[in-house]
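Enquirer: Residue 451 in our numbering is what sits at position 323 of the sequence shown, and the numbering runs on without skipping anything. We put the beta carbon where it would ideally sit given N, CA and C, even for glycine. Bear in mind that the values here come from a model prediction, so they are computed numbers and not experimental data. Could you have a look at this structure, given as structure tokens, before my questions?
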Amino acid sequence: MSTFERHIIKRLLKGFVLFVGALLVFFIVLHWVEYSDDFLDGGATIWEVFTVFYPNYVPEIIRLTSPLALFLSCIYLTGTLAQELQLVALQTSGVSLYQLMRPYLGVGLLVTVFMFGFNGWVVPKTNEVVVRYENEYLPGNQKSVQTSEIHRRNGPHSILSVGYYDADRKRAHTVSLQQLAGDARLARRVDANRMEWDDSLEVWRLDDVTRRTFVKGEPQRKRTIASLDTTLQVYPRDLARSKNDVAAMTIPAAAEYLAALRRSGVGGLTRPLVAYYNKFAYPFANLLLVLIGVPIASTRRRGGQAVRFAIGLLIAFVYLSVQKLAEPLGYAGTLSPAWTAWLPHLTFAVVALLVLWWARK
129 MSTFERHIIK RLLKGFVLFV GALLVFFIVL HWVEYSDDFL DGGATIWEVF TVFYPNYVPE
189 IIRLTSPLAL FLSCIYLTGT LAQELQLVAL QTSGVSLYQL MRPYLGVGLL VTVFMFGFNG
249 WVVPKTNEVV VRYENEYLPG NQKSVQTSEI HRRNGPHSIL SVGYYDADRK RAHTVSLQQL
309 AGDARLARRV DANRMEWDDS LEVWRLDDVT RRTFVKGEPQ RKRTIASLDT TLQVYPRDLA
369 RSKNDVAAMT IPAAAEYLAA LRRSGVGGLT RPLVAYYNKF AYPFANLLLV LIGVPIASTR
429 RRGGQAVRFA IGLLIAFVYL SVQKLAEPLG YAGTLSPAWT AWLPHLTFAV VALLVLWWAR
489 K
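Encoded structure:
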């Protein structure tokens, strides 16, 4: 590695850290201005918000802003080199743009790999606190998808129906567990007024139970039981889901969670699947924006850094807009969740290749 490449890496990382810090302050101030009244009206104290909520919110902000911060750092550094004619001197001496980009690509790959691990394992841990505080203190921010008239598959021939589920107490009301015979005929049915999860035994406890057995050609057999403990393939997390549930899970936990939802016959999984695939796709924005930023900033322009920053912010805004526009298509099922997560990045990968092709080598 040459002295010049080490110089580029050092300045690029320094700029990245500075821009991340600036964006952190900007986002926290903006968030506080927007939600301060809601926090205080909800019963939170200022001390609690700034010592518990925002410290746990910082990793999520870093995850969201890291591509923009690296992009701005890339534009600032490359633009400075272009304005000072250092790039012209290098290219005149035979150094191509592709050779110049090697330290940039190294930093881009390093940040991409780091953010993949950060996004997949660190951010979910802190998001647990963020989601809990938002649900508790911000009115209208409850993320529960379904709490009544819930139906889940409990194995190949068994269906669990719940009239209402209290997620905080892990308690279900008006419960019916139906066991079907091989010919889709109802073979057995267990009804209970209440079903509650026992954390110590990891079983469901049913109260006021009525068990009915149906045999073809015979009258039904009925039995009443005061209480009954049973194990099901349906767990508390399967009964009350949240729009932000996957955001508060590591990649392995999210994969296991989604597999469990599929086994229990849960529908409407497009939103959590989009969030799951985004854990893999979003870190690549760091590398792609570097590929776009260097060619754009390497050319001297009238207006200097102000014009470069304006172009950079416009590109970043379009990038984020494409992601946000694609998400509703994935939620509605128009696009598959995987395509929804990857399509914006694939689109800008093509843009990056075109920019590299047109740039002066």
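#1: Just to confirm the assignment: which complete beta strand (DSSP E) runs, minimum length 3, are found wholly within the region 346-405?
#2: From the beta carbon of Ser304, is the nearest beta carbon of chain B less than 7 Å away?
#3: For Arg191, I'd like the list of residues in its chain whose CB is within less than 8 Å of its CB, leaving aside the five on either flank, ordered along the chain.
#4: In chain order, what residues of the same chain lie with their CB nearer than 7 Å to the CB of Asn255, ignoring the 5 residues before and after it?
#5: Among residues of its own chain, excluding the 5 on either side of Arg351, which ones have a beta-carbon nearer than 6 Å to its beta-carbon?
#6: How would you call Ser130, buried or exposed, if buried means at least 16 neighbouring beta carbons within 10 angstroms?
#7: Taking 7 Å as the threshold (C-beta atoms), are Tyr293 and Leu367 in contact?
#8: Are the region 192-202 and the region 405-423 touching, with three or more C-beta to C-beta distances below 8 Å?
#9: Relative to the alpha-carbon of Tyr363, which residue among Arg299, Ala309 and Phe412 has its alpha-carbon at the smallest distance?
#10: Looking at C-alpha atoms only, which residue of Thr173, Ile156 and Val303 is the closest neighbour of Tyr182?
#11: Have a look at Val148 and Gly222 and give me their C-alpha separation to the nearest angstrom.
#12: How about Ala425 and Ile203: do their beta carbons lie closer than 7 Å?
#13: Helix, strand or coil for His473? Go by DSSP, reduced to three states.
#14: Please classify Asp335: does DSSP put it in a helix, a strand, or coil?
#15: Would you kindly report the start and end of the unbroken alpha helix (DSSP H) that includes Tyr185?
#16: From the DSSP output, which residues share a beta bridge with Ser304?
#17: Excluding sequence positions up to five away, which residues of its chain have a Cβ less than 7 Å from the Cβ of Asn184?
#18: With H, G and I counted as helix, E and B as strand and the rest as coil, what does DSSP make of Glu176?
#19: From Ala210 to Leu441, what distance separates their C-alpha atoms?
#20: Assign Leu314 to one of three DSSP states: helix, strand, or coil.
#21: Name the DSSP beta bridge partners of Asp294, please?
#22: Tell me, which residues are paired with Asp326 by DSSP?
#23: Skipping 5 residues on each side, what residues in its chain have a beta carbon closer than 7 Å to that of Ala487?
#24: Let's see if you can read the secondary structure: which residues bound the alpha helix (DSSP H) around Ser164?
#25: Would Val435 be called buried (16 or more neighbouring beta carbons within 10 Å of its own) or exposed?
#26: Answer with buried or exposed for Gln214, where buried requires no fewer than 16 other C-beta atoms within 10 angstroms of its C-beta.
#27: From Asp326 to Leu360, what does the alpha carbon distance come to, in whole angstroms?
#28: Residues in the same chain with beta-carbon distance under 8 Å from Thr378, minus the five sequence neighbours each way, listed in chain order, please.
#29: Please state the DSSP three-state secondary structure of Arg260.
#30: Go through the region 411-442 residue by residue and report every complete run of the alpha helix (DSSP H) that reaches 4 residues or more, in order.
#31: When you compare the CB positions of Ala469 and Tyr405, do they come within less than 7 Å of one another, or not?
#32: Expressed to the nearest angstrom, what Euclidean distance is found between the alpha-carbon atoms of Val303 and Ile287?
#33: What would DSSP say about Ser224, mapped onto helix, strand or coil?
#34: Alpha carbon to alpha carbon, how far is Val241 from Phe178? Give it in angstroms, no decimals.
Expert: So, to answer that:
#1: For the region 346-405, the full-length beta strand (DSSP E) segments reaching 3 residues or more read 349-358 along the chain.
#2: Given the protein chain composition of this structure (a single chain), no chain B is represented.
#3: In the sequence shown, residue 191 corresponds to position 63, counting from 1. Within the same chain, Met243, Phe246, Asn247, Val251 and Tyr410 come within 8 Å of Arg191 by CB-CB distance, once the 5 residues on both sides are set aside.
#4: As a first step, residue 255 is located in the sequence shown; it is residue number 127 there, counting from the start. So the list reads Glu188, Ala375 and Ala376, once near-sequence residues are dropped.
#5: Here residue 351 refers to the residue found at position 223 when the sequence shown is read from its first residue. Excluding residues within five positions, the ones whose Cβ falls inside 6 Å are Arg339.
#6: Here residue 130 corresponds to residue number 2 of the sequence shown, with the count starting at 1. That one is exposed.
#7: By 1-based counting over the sequence shown, the position of residue 367 is 239. By 1-based counting over the sequence shown, the position of residue 293 is 165. Taking 7 Å as the cut-off, the Cβ atoms of Leu367 and Tyr293 count as close.
#8: Counting C-beta pairs closer than 8 Å gives three or more between the region 192-202 and the region 405-423, which meets the contact rule.
#9: Reading the sequence shown from its first residue, position 235 is the one you call residue 363. With respect to the C-alpha of Tyr363, the residue from Arg299, Ala309 and Phe412 having the closest C-alpha is Arg299.
#10: Walking along the sequence shown from the start, residue 182 turns up at place 54. Taking only the C-alpha atoms, the option nearest Tyr182 is Ile156.
#11: Translated into positions along the sequence shown, residue 148 becomes position 20. Translated into positions along the sequence shown, residue 222 becomes position 94. Take the alpha-carbon of Val148 and the one of Gly222: they are about 34 Å apart.
#12: Stepping through the sequence shown from its first residue, residue 425 is reached at position 297. Stepping through the sequence shown from its first residue, residue 203 is reached at position 75. Contact flag set, yes.
#13: Walking along the sequence shown from the start, residue 473 turns up at place 345. Three-state DSSP puts His473 in a helix.
#14: Counted from its first residue, the sequence shown places residue 335 at position 207. Three-state DSSP puts Asp335 in a strand.
#15: By one-based count along the sequence shown, residue 185 stands at place 57. Following the DSSP letters along the chain, one finds Tyr185 inside the alpha helix (DSSP H) bounded by residues Tyr182 to Gln211.
#16: Indexing the sequence shown from 1 puts residue 304 at position 176. Partner(s): Ser289 and Asp319.
#17: Your numbering for residue 184 matches position 56 in the sequence shown. Result list for Asn184: Thr254, Val257 and Val258, in chain order.
#18: Position 48 of the sequence shown, counting from 1, holds the residue named residue 176. Note: Glu176 maps to helix in three-state DSSP.
#19: By one-based count along the sequence shown, residue 210 stands at place 82. By one-based count along the sequence shown, residue 441 stands at place 313. Between Ala210 and Leu441, the C-alpha separation is close to 19 Å.
#20: Numbered from 1 along the sequence shown, position 186 holds the residue referred to as residue 314. Residue state, collapsed to three classes: strand.
#21: For this step, residue 294 is matched to residue 166 along the sequence shown. Its beta-bridge partners are Arg299.
#22: Within the sequence shown, numbered from 1, the residue matching residue 326 stands at position 198. Bridge partners of Asp326: Val331.
#23: Sequence index remark: in the sequence shown, residue 487 carries index 359 (1-based). Contacts found: Leu225, Pro423 and Ser426.
#24: Reading the sequence shown from its first residue, position 36 is the one you call residue 164. Following the DSSP letters along the chain, one finds Ser164 inside the alpha helix (DSSP H) bounded by residues Thr131 to Asp169.
#25: As a first step, residue 435 must be located in the sequence shown, where it is residue number 307. Result: exposed.
#26: Looking up residue 214 in the sequence shown gives position 86. Classification for Gln214: exposed.
#27: Translated into positions along the sequence shown, residue 326 becomes position 198. Translated into positions along the sequence shown, residue 360 becomes position 232. It is roughly 12 Å from the alpha-carbon of Asp326 to the alpha-carbon of Leu360.
#28: Working through the sequence shown from its first residue, we reach residue 378 at position 250. The residues are Gly248, Trp249, Pro252 and Lys253.
#29: Here residue 260 is taken as the residue at index 132 of the sequence shown, counted from 1. Correct three-state label for Arg260: helix.
#30: The qualifying runs are 412-425.
#31: Here the question's residue 469 lines up with position 341 in the sequence shown. Here the question's residue 405 lines up with position 277 in the sequence shown. Taking 7 Å as the Cβ cut-off, Ala469 and Tyr405 qualify as a contacting pair.
#32: The residue you call residue 303 lines up with position 175 of the sequence shown. The residue you call residue 287 lines up with position 159 of the sequence shown. Distance between the alpha carbons of Val303 and Ile287: 11 Å.
#33: To locate residue 224, count along the sequence shown from 1; it is residue 96. The answer is coil: DSSP assigns Ser224 none of H, G, I, E or B.
#34: In the sequence shown, counting from the first residue as 1, residue 178 sits at position 50. In the sequence shown, counting from the first residue as 1, residue 241 sits at position 113. Taken atom to atom, the span from the alpha-carbon of Phe178 to that of Val241 is near 30 Å.
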